[in-house]
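**Student:** Going down the list, the protein sequences come from chains A and B. So for the first sequence, UniProt numbering puts the first residue at 1; every next one is plus one. So for the second sequence, UniProt numbering puts the first residue at 1; every next one is plus one.
2 protein chains.
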Amino acid sequence: MKRFDEIDEQAVTNLRVLSAEMIERANSGHPGLPLGAAPMLWTLWSHHLRLDPQAPDWFDRDRFVLSAGHGSALLYSLLHVSGFEVTMADLKQFRQFGSRTPGHPEYGVVAGVEATTGPLGQGLGMAVGMALAERHLASQFNHEAQIVDHFTYSLVGDGDLMEGVSHEAASFAGQQKLGKLIVLYDDNQVSLDGPTSRSFHTDVCQRFESYGWETQVVTDGNDLAAIDAAITRAKHSQRPSLIAVKTVIGFGAPGAGTNAVHGNPLGTAGLQTLRQNLNWTAAPFTITPAVAQRAQQAIEQRGQQAHHTWNQRVQQLNPTTLAELKRVMQQDLPLDFAQQLPVYDEGAEASRLTSHTMIQKIAGKLPELVGGSADLASSNKTTIETDGLLTADQPGERNLAFGVREFAEGAILNGLTLHGGVRAFGSTFLVFSDYMRGAIRLAALQKLPVTYVFTHDSIAVGEDGPTHQPIEQLMSLRLIPNVTVIRPSDPNETVAAWWQAMNATDHPTVLVLTRQNLAVLPRTNQLAMTGVARGGYVLSPQKGLQPTGILIASGSEVALALKTQAKLATLGQDVSVVSMPSMDLFSQQSAQYQAQVLPPQVRRRVAIEMGATLGWERFVGLDGTIVGLDRFGASGPAADVLPALGFTVDQLVQAYQQTHVGQQQLNVI
Amino acid sequence: MKRFDEIDEQAVTNLRVLSAEMIERANSGHPGLPLGAAPMLWTLWSHHLRLDPQAPDWFDRDRFVLSAGHGSALLYSLLHVSGFEVTMADLKQFRQFGSRTPGHPEYGVVAGVEATTGPLGQGLGMAVGMALAERHLASQFNHEAQIVDHFTYSLVGDGDLMEGVSHEAASFAGQQKLGKLIVLYDDNQVSLDGPTSRSFHTDVCQRFESYGWETQVVTDGNDLAAIDAAITRAKHSQRPSLIAVKTVIGFGAPGAGTNAVHGNPLGTAGLQTLRQNLNWTAAPFTITPAVAQRAQQAIEQRGQQAHHTWNQRVQQLNPTTLAELKRVMQQDLPLDFAQQLPVYDEGAEASRLTSHTMIQKIAGKLPELVGGSADLASSNKTTIETDGLLTADQPGERNLAFGVREFAEGAILNGLTLHGGVRAFGSTFLVFSDYMRGAIRLAALQKLPVTYVFTHDSIAVGEDGPTHQPIEQLMSLRLIPNVTVIRPSDPNETVAAWWQAMNATDHPTVLVLTRQNLAVLPRTNQLAMTGVARGGYVLSPQKGLQPTGILIASGSEVALALKTQAKLATLGQDVSVVSMPSMDLFSQQSAQYQAQVLPPQVRRRVAIEMGATLGWERFVGLDGTIVGLDRFGASGPAADVLPALGFTVDQLVQAYQQTHVGQQQLNVI
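What follows is the structure, given as structure tokens:
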């Protein structure tokens, strides 16, 4: 039986025209990709991709990530024709405020969009994470039946493959031999500024082969059978597959094959020409009955059947496995051990080490915890000691060696989390969070509860010098919406910080940890759990009814603030010390609580943090002082660097004494 | 004549032991690389690299970038033995505070260090930039004689090659056919966490061939003649060269060949074993006389001779060429056209378009201006219209097509600037500055006057949605030390912003520009040049002697502030409007000037910026209000998105009215 007929060809044209119409109506969007890539995506969706549009969250569905997110019109068209909850009215609202069809695919806005894409290269990284999650879970749940057994597909463009993160992600995927990852490369040789010959001379297949991928070329991007054969072959590969599909950008439209058609609507005349060239006469915003029926059979019914079969398999699982599967699918973490967390009454250790203890504790309770480091596990202290490395040969282990690939690490963590069934964390030095910043943003935008363990959090790193000493990173991370940044001051706050991270459901958490020892601070064994949850709290109150001033600090500087408080007491100044592990959480508290911690009338305030000062004015205002670092660090033993850059009790006492709340406030308007 | 003898072998051992001694004395550092890579660097330095240690800034010297910056001990040892101004006392101060031999190589601290390295992958990117500058300048200055004609070398490790930026940079270099770029790959198959087999399975030579590089393998990293032959061959290649040199990390030390020797001092016993294994008996911190003499001949004298010959060629240049060469070498920009800059009295245009006008103006005056975009030139408006693309066939042109490679773009801009002789700028969307953040940091740390043109600066981007709408980027860039961020409010401020960027000598400048039109604002034709230079200024004063409040805004929001001022006037509120294009520059002004713009007693202040609010408290304090965005944006036409997110005159009037400076300030302590 022929696998493709004229209805398939009609479906391709229908998708092309519909996508162009959406863009035209919005007067905004990228027609080039939909017109070129419609055949490969129709082939994939109608003959391979296994989805249940009525149950879009079906756990064992295939995953599809449109890494070239600017082609969103095609994805929405496919979702519509496949029976997802995307109506024709939604398509007409493409790129409108509040619509279900925003300019780039956004996870959580409409079912069927598996990831937020648009920032190039990251979709591929997230697909790698999804494929990794699939294999990891398969090793866990497939002992009785094939419960987790799906493919992960992605469509990438030239822009994706130029980005560095594509190198990191593909190299990692090759290392991991993720055979169920299949990437369609829309090889149209045009990017936004012109032909890729201007800037992209790479032999992409050779490059991916160097990573250990299997590669294929489809020379005619309109040849459905050839695309189908390539996908079929890729599904049998033990290695990740790249299928380079030679397409014509903007196929059928005026300017096809050039960048003119990349990112601008075709215009009325252009759309008319497209319809003529493609011989399309149906009314605008139409799916023809034949196409609708074919989609219903080839996508919806096929998917439902697969889902049904899967349900049957699941029903036959033994009750324990079934319960565990359900728990994992619902992301229902067994966080019932708050009372069993370690409490430190004395001693000192680096917060990266307390974090290590917490990782062991959590890993022991949560089978779904997986994580790793960008080649700094021995420094970040992030190894799950009961487990080995998660590799192709040992897919059930839980330690990930990301290699020196911070950006892909971030994207893969997002992909693992998007897949579901795992709880993911990753680590590197705080200063190199810069390298993965794009992925942290996408975690926040997608509301993913990823945990980042960023150690070596200040100039106290010492000898490695300014390239390795974070300055602006801490405040910069606080600036990203929907990210919770926690910089604990001692072992008890570190325990509480990890607990916050594990209890997060709709945002990522950044844990900012030290290389150097932190002494257990007085009273944190009582106060840290609630104090960290509130972001800031009075760790050491003044003696009298009201403080003469307030010292506010985070992380390793809280100990310094306490010493400064003691010194100031000998000088007749009765100040309180506020530990502020998380500005974000503190800013979410009630005005009443905030005023309790930082009484509004007390304006003599000094903030202390070994990082950029800009931002601390939120808490010290125009009248306070910030002891921070608005310069780069310096190489040398920490014992030399810290005093040289202003972090001694004497210098803090001086800063406090120089904080005179001036006359001007008495005459405020 | 044999090119290598036992003195060369002695030199290699001497460098190995000396490096290990430095690390041992510092009790901190990375012995693995120096012990493994000493042979290849001795070969390079003694037989190829052309430097004049007495004139380290000689313009036509070869460039060498130690991309694997953690191997700094070896670089310092080489600088010492070569006759640079690095004394044995300096080597003994390795990694000490204030020393000339910091933990990672830092540009500007000691002559001979061509770039600050340590953040992996970026050294390779900077080397690409240097090689690109060389070829560009050669096409300009070599008509009469070979004035610019040198190689650029880099040493990279496994970590460098795992990083995404290495992909972007190498792919770009292949595209550009940078034949005089030669990269030595310290192929020791070990990274910090263990053998690279854990995470790095890539066929590196195949990968680089896919980029259009020539590759060679040296199977024995101790074979000086083989290394020498490979370098010699690479020097004749028309394509960039990668030489994979198989080495043993930590050669000669206990734990050689494992990660145990990567990042920790050997210890007294380990150092003793090293000496025994290498049969080395000289006193600690010694260069043997034979090695010293050989280095003097093979590096210093050879380099001086080359420099002398070059000087002779230069003397024979015709006076015009000579004057121009000197000007360019001294980075003496002909910035004598301040009076000829455009002044706008009326109308409206996007600041990206005014920027385009300025680029043409500057390009016409400054032959050394080169720049480009990460595949968004048509959106960023950064093309120099008189010029074509800078390619292998047209090396003298000035437009760079970086491809969708923001991080490498940043590193290449750094390399171009470090090389000297060019003035470099680069562009992308503001939101994707995240992707190149690591390189912006290195520009700031190295004090490089790079200009970044970041357009599409707010939610006003509209339909592309939250993935393309910057929120936290603007404030995040302000946090990086030594970066000047300027967000102009209209065409005149945009002219002034570019002028600031061009006059910078020791810091990078970020220009934050709009996609949408900005009307020429009243009085900016008079005030913008000095106003922007001061970072903030009163654009529209109150009517009375003292304002009842202050509206502070940047960029496109200044126009909104002016309208709000007018509306407030009708409500009896006499406020001033402060345009704040650059917080950085404003914070550098005298307290007196700052108080003039923001009278301390006026506490009723509203800051308006379509970005993260954290940080604006520096100017509005505890009593003011910030109208900003602490959430992600939304896809939709800008005309819908802006009001929905709070940016209308009515909403700003309301924000002002709700800013009551409360009772508490009357009782401040």
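Note that the Cβ used here is the ideal one computed from N, Cα and C, for glycine as well.
(1) When you check each C-beta in the stretch 460-484 of chain A against every C-beta of chain B, which residues fall closer than 8 Å?
(2) Rounded C-beta distance between residue 284 of chain A and residue 21 of chain A? I'm assuming under 8 Å.
(3) Taking just the CA atoms, how far does residue 466 of chain B sit from residue 642 of chain A?
(4) With a cut-off of 8 Å on the beta carbons, I'd call residue 160 of chain B and residue 124 of chain B a contact; round off their distance for me.
(5) How is residue 406 of chain A classed by DSSP in three states: helix, strand or coil?
(6) Using a beta-carbon distance below 8 Å, is residue 668 of chain A in contact with chain B?
(7) Note down the Cα distance separating residue 666 of chain A from residue 661 of chain B, rounded to an integer number of angstroms.
(8) Distance check for residue 35 of chain B and residue 73 of chain B, CA to CA, integer angstroms please.
(9) So residue 120 of chain B packs on residue 370 of chain A, CB below 8 Å; how close in whole Å?
(10) Would you give the residue range spanned by the alpha helix (DSSP H) that residue 440 of chain B belongs to?
(11) How many whole angstroms separate the CB atoms of residue 83 of chain A and residue 54 of chain A, which I take to be in contact at a CB cut-off of 8 Å?
(12) Taking a contact to mean a Cβ-Cβ separation below 8 Å, would you say residue 299 of chain A touches residue 48 of chain A in this structure?
(13) Would you say residue 186 of chain B and residue 217 of chain B are within 8 Å of each other, going by their C-beta atoms?
(14) Report yes if the C-beta distance between residue 65 of chain A and residue 133 of chain A is below 8 Å; otherwise report no.
(15) Is the distance from the Cβ of residue 552 of chain B to the Cβ of residue 529 of chain B below 8 Å?
(16) With DSSP as the reference, label residue 168 of chain A as helix, strand or coil.
(17) Taking all protein chains shown into account, decide if residue 175 of chain A is buried (16 or more other Cβ within 10 angstroms of its Cβ) or exposed.
(18) Is there a C-beta anywhere in chain A that falls below 8 Å from the one on residue 328 of chain B?
(19) How about residue 477 of chain B and residue 431 of chain B: do their beta carbons lie closer than 8 Å?
(20) Is there a Cβ of chain B sitting closer than 8 Å to that of residue 434 of chain A, yes or no?
(21) Taking residue 184 of chain A and residue 40 of chain A to be in contact with their CB atoms under 8 Å, please state how far apart those CB atoms are, rounded to whole angstroms.
(22) Listed in chain order, which residues of the stretch 178-191 of chain B have Cβ atoms closer than 9 Å to some Cβ of chain A?
(23) If the cut is a Cβ gap below 8 Å, which residues of chain A does residue 162 of chain B touch?
(24) Just grab the DSSP bridge partners of residue 185 of chain A for me.
(25) Just to confirm, are residue 412 of chain B and residue 172 of chain B a CB contact at a threshold of 8 Å?
(26) Go through the stretch 309-336 of chain A residue by residue and report every complete run of the beta strand (DSSP E) that reaches 3 residues or more, in order.
(27) Can you pull the chain B residues whose beta carbon is under 7 Å from the beta carbon of residue 614 of chain A, in chain order?
(28) Where do the N-terminal and C-terminal ends of the beta strand (DSSP E) with residue 492 of chain A fall, by residue?
(29) Determine the extent of the beta strand (DSSP E) in which residue 661 of chain B is found, giving its start and end residues.
(30) On the three-pair Cβ rule with 8 Å, is the stretch 204-213 of chain A touching the stretch 195-213 of chain B?
(31) Specify, as a first and last residue, the run of the alpha helix (DSSP H) that residue 579 of chain A falls within.
(32) What ranges does the beta strand (DSSP E) occupy inside the stretch 26-113 of chain B, keeping only unbroken runs of at least 3 residues that lie completely in it?
(33) Among A:400, A:392 and A:395, which one has its Cα closest to the Cα of residue 383 of chain A?
(34) Closest Cβ-Cβ distance between residue 636 of chain B and chain A: below 8 Å?
(35) Say whether chain A places a C-beta atom closer than 8 Å to the C-beta of residue 664 of chain B.
(36) What span of residues does the alpha helix (DSSP H) with residue 562 of chain A cover, start to end?
**Tutor:** Reading it off the structure:
(1) 462, 463, 464, 465, 466, 467, 468, 471, 472, 475, 476, 478, 479, 480, 481 and 482
(2) Rounded, the Cβ-Cβ distance is 5 Å, consistent with contact.
(3) Distance between the alpha carbons of residue 642 of chain A and residue 466 of chain B: 40 Å.
(4) 6 Å
(5) helix
(6) Residue confidence is low: residue 668 of chain A scores 44 on pLDDT, short of 50, so the model does not pin down where it sits. Its coordinate-derived value is still stated next. Answer yes: the Cβ-Cβ gap between residue 668 of chain A and chain B drops below 8 Å somewhere.
(7) Caution applies to residue 666 of chain A, whose pLDDT of 40 falls short of 50 and renders its modelled position unreliable; the value that the coordinates give is listed next. Cα to Cα, the separation comes out at about 12 Å.
(8) 10 Å
(9) Actually they are not in contact, since the Cβ atoms of residue 120 of chain B and residue 370 of chain A sit about 24 Å apart, beyond 8 Å.
(10) 437-445
(11) 7 Å
(12) Cβ atoms of residue 299 of chain A and residue 48 of chain A: not closer than 8 Å.
(13) The Cβ atoms of residue 186 of chain B and residue 217 of chain B lie no closer than 8 Å to each other.
(14) no
(15) Not closer than 8 Å, so no.
(16) helix
(17) buried
(18) no
(19) For residue 477 of chain B and residue 431 of chain B, no; Cβs fall outside 8 Å.
(20) Output row for residue 434 of chain A: interface = yes.
(21) 5 Å
(22) 191
(23) 168, 171, 375, 403, 404 and 405
(24) Per DSSP, A:156 and A:244.
(25) yes
(26) The stretch 309-336 of chain A contains no whole beta strand (DSSP E) run of 3 or more residues.
(27) 478, 479, 615 and 618
(28) Where residue 492 of chain A is concerned, there is no enclosing beta strand (DSSP E), although the alpha helix (DSSP H) it sits in stretches over 491-503.
(29) Unbroken run through residue 661 of chain B: none, as it is neither H nor E.
(30) yes
(31) Element bounds for residue 579 of chain A: not the alpha helix (DSSP H) but the beta strand (DSSP E), 575-579.
(32) 63-66
(33) The residue from A:400, A:392 and A:395 with its alpha-carbon nearest to that of residue 383 of chain A is A:400.
(34) yes
(35) Residue placement at residue 664 of chain B cannot be trusted, given a pLDDT of 41 that sits under 50; the coordinates are not used to answer.
(36) Residue 562 of chain A -> alpha helix (DSSP H) spans 557-570.
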